[in-house]
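The structure appears below as structure tokens.
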Amino acid sequence: MKPSDFAPLDNDDAPENPKQAAQDFLESMRRRRTVRRFSDRPVDQEVIERIIATAGTAPSGANKQPWRFVAVRDPDIKREIRTAAEAEERLFYGGRASEDWRNDLRAMGTNHEKPFLETAPWLIAVFKVMKDDEPGRASDQVYYVNESVGIAVGLLLAAARVAGLVTLTHTPSPMKFLGRILARPEQERPFILIPIGHPADDCTVPAITRKSLDRIMVIDRGSSLRPRGSTDPLPSPNPPD
Ligand SMILES: Cc1cc2nc3c(=O)[nH]c(=O)nc-3n(C[C@H](O)[C@H](O)[C@H](O)COP(=O)(O)O)c2cc1C
-12 MKPSDFAPLD
-2 NDDAPENPKQ
8 AAQDFLESMR
18 RRRTVRRFSD
28 RPVDQEVIER
38 IIATAGTAPS
48 GANKQPWRFV
58 AVRDPDIKRE
68 IRTAAEAEER
78 LFYGGRASED
88 WRNDLRAMGT
98 NHEKPFLETA
108 PWLIAVFKVM
118 KDDEPGRASD
128 QVYYVNESVG
138 IAVGLLLAAA
148 RVAGLVTLTH
158 TPSPMKFLGR
168 ILARPEQERP
178 FILIPIGHPA
188 DDCTVPAITR
198 KSLDRIMVID
208 RGSSLRPRGS
218 TDPLPSPNPP
228 D
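For the sequence shown, this note's numbering assigns the number -12 to the initial residue and increments by one for each residue that follows.
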């Protein structure tokens, strides 16, 4: 492939107060929770399109953009997906998952039943593209596919949150059935299935905690500690809603 032309970076919207901007985004992301009880309230296709377009802005190895997002709204297809997912999950919870795994999942209160796969107005099935299929490609190779698609999914979840929608990052195991039901070509492998919509009126979420900053951040070679020079109190990891 010939080298790209270069254009000036468009960064004109950089905030005047980056600390406040970062704080505002943090506050919004803190409220993102995995939801397992959905309302059937519809969501406009245009909202879903913008959320998927946001995912498509993610960086990717050699700009291969090795992702495909299948937005499912047809009730018959959703029912098929639910039936297939529940069959796999029945085996998973029935013993295919390790004991440690099942113990770790106990806090989530999950089981093999997946009604949200029919209730949520949309399911976004995310596929990783294992062979570049873009017209005009220089090669079929793709690079850092899991990293690239993982980052894209992160942006998708954030975009949904910003739009006031809730999501579930669902990984029925294994999920080969998604390629079959959705008639995807051989080079696409299922990555994650994301029900997206509004929460049910009586929606509750597990009262779990997030690790505090001093548990996840290290500066230079030090032990994990709050950043030196910061005088603000660390925000609480789990603000009351
Ligand atoms: C890669 C990945 C796979 C997940 N798979 C499932 C799943 O199959 N079923 C489910 O109910 N939750 C699943 N989750 C959701 C996690 O349980 C959830 O993110 C975690 O408990 C933290 O809760 P929070 O998202 O509300 O912060 C998954 C999350 C990730 C990132």
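A virtual CB, placed ideally from N, CA and C, is assigned to each residue, including glycine.
Note the first and the last residue of the continuous alpha helix (DSSP H) segment covering residue i.
i	result
Ala107	Run containing Ala107: none; DSSP gives neither H nor E here.
Pro122	Per DSSP, Pro122 belongs to no alpha helix (DSSP H) and is neither H nor E.
Thr70	62 to 78
Glu14	5 to 17
Leu165	164 to 168
Could you check which residue in the options has the C-alpha nearest to that of residue i?
i	options	result
Arg24	Asn133, Asp188, Leu165, Pro(-10)	Asp188
Tyr131	Gly141, Pro182, Lys51, Gly96	Lys51
Ile181	Thr21, Asp63, Asp87	Thr21
Assign residue i to one of three DSSP states: helix, strand, or coil.
i	result
Glu116	The sequence given here places Val at residue 116; Glu does not occur at that position. Val116 falls in the strand class under three-state DSSP.
Ile179	strand
Ile39	helix
Phe25	strand
Pro186	strand
Ile195	coil
Val140	helix
Within its chain, find whatever has a CB closer than 6 Å to the CB of residue i; leave out the 5 residues flanking it on each side and keep chain order.
i	result
Ala71	Phe164
Leu(-4)	none
Thr106	Phe25, Asp27
Arg89	none
Within its chain, find whatever has a CB closer than 8 Å to the CB of residue i; leave out the 5 residues flanking it on each side and keep chain order.
i	result
Gln32	Ala58, Arg60
Glu175	Arg55, Phe114, Lys115, Val116, Met117, Gly166
Thr44	Leu142
Taking the continuous beta strand (DSSP E) assigned at residue i, which residues delimit it?
i	result
Val59	54 to 59
Establish whether the CB of residue i and some CB of chain D are separated by less than 7 Å.
i	result
Val149	Absent here is chain D; the protein component of the structure consists of one chain.
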